Amino acid sequence: MSRPAPRWLAPLTDYGPVIVFFAAYLLGDLMTATAALMAATVVALALSYGIARRVPVMAVVTAVIVGIFGGLTLALHDETFIKMKPTIVQLIFAAVLLVGLALGRMPLKVVMGKALEMDEAGWRALSLRYGLFFVAMAALNELVWRTQSESFWVSFKVFGLMALAVAFTLAQMPLISRHQVAKDNSA
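Mind the numbering: the sequence shown is residues 57 to 243 in this note's numbering, read in order.
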C-alpha cells in the first residue's frame, strides 16, 4: 500500500543519482562515475519504495536503462554506452508521448493530471510539444557526445540537459495558462 511521499523525496530520487554521477566523475573518471550512478540509482529506488511504498514507473524505466547501459560500459570498458543512455531515455519518453498521442491517449495527463488541470486540447498540445522536445534533446545529446570532449559532455549531461528542461517547461506556462480549467471544489 502506497503512502503519501514527502515533498523532498522526488527531487532527491530524481536528481540524487545525477549529482552522485557528477561528483564521482570529478573525483575519478567516467567509469567510476558510471558505477556510482548505477549504485545511486538502486539506492534511489530503494529509498522511494522504503518511504512511499511505491516506485514511479519512469524511475524504473530509467533504472533499467542505467543498468543496461552502465553495465555495458563497465563490462566492455566502452564509454559509448553511458553516453548514449540519455539519448535512449529521451527517445523512450518521446515515443511514449507521441505514440500515445497518435493512439488518442494522454500519457502526460496520467503522469501530471493530479498537479495540473487542463482541457483536452491543452493536454494534446503539451504532449506533442514535450514529445518533440524529447526528440530534440536526444539529437542534441548525440551531437554533444560525438563532437565534444568527455568533460564537456559530462557537464552538459548534468547541467545543460537539466537547464534546457527547466527552460522548456517554463516556456510552456502560457499554453498551460490558456488551457487550464478550474478545479471543482464542490464535494
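Where is the CB? At the ideal position from N, CA and C, for every residue including glycine. Fair warning: this is a prediction, and the values are worked out from it, not measured in the lab.
Discussion item. Give me, in chain order, the residues of the same chain whose beta-carbon lies closer than 8 Å to that of Gly-123; leave out the 5 immediate sequence neighbours on both sides.
Written reply: Met-94 and Thr-97
Worksheet item: In the DSSP assignment, what are the bridge partners of Gln-236?
Response: Met-174
Worksheet item: Tell me which same chain residues have a C-beta within less than 7 Å of the C-beta of Phe-224, skipping the five on either side of it?
Response: Phe-189
Fill in: CA nearest to the CA of Thr-88, picked from Leu-68, Glu-135, Thr-69 and Leu-147
Glu-135
Worksheet item: Relative to the C-alpha of Ile-232, which residue among Ser-183, Leu-220 and Val-200 is closest?
Response: Ser-183
Discussion item. Please report the distance separating the alpha-carbon of Asp-175 from that of Val-74.
Written reply: 34 Å
Practice prompt. Determine the contact status of Val-111 and Tyr-105, defining contact as a CB-CB distance below 8 Å.
Written response: yes
Fill in: Nearest to Ala-227 (by Cα), restricted to the options Val-214, Tyr-186 and Ala-195
Tyr-186
Worksheet item: Which stretch, first to last residue, makes up the alpha helix (DSSP H) that contains Gly-106?
Response: 86 to 108
Item to complete: Taking Ala-179 and Leu-164 to be in contact with their CB atoms under 8 Å, please state how far apart those CB atoms are, rounded to whole angstroms.
Response: Ala is not the amino acid found at residue 179; the sequence shown has Trp there. That pair is a contact at about 6 Å.
Item to complete: Identify whether Asp-70 lies in helix, strand or coil by the three-state DSSP scheme.
Response: helix
Worksheet item: Hey, how far is the Cα of Ala-91 from the Cα of Met-229?
Response: 37 Å
Fill in: Meets three-Cβ-pair contact criterion under 8 Å: the stretch 142 to 155 and the stretch 191 to 207
yes
Discussion item. Can you list, in chain order, the residues of its chain with a C-beta nearer than 6 Å to that of Ile-148? Leave out the 5 residues immediately preceding and following it.
Written reply: none
Discussion item. Which same chain residues end up closer than 8 Å to Ala-115 when comparing Cβ atoms and leaving out the 5 residues on each side of it in sequence?
Written reply: Thr-69, Asp-70, Ala-100, Leu-101 and Ser-104
Discussion item. Does Val-210 pass the burial test, meaning 16 or more other C-beta atoms within 10 Å, or should it be called exposed?
Written reply: buried
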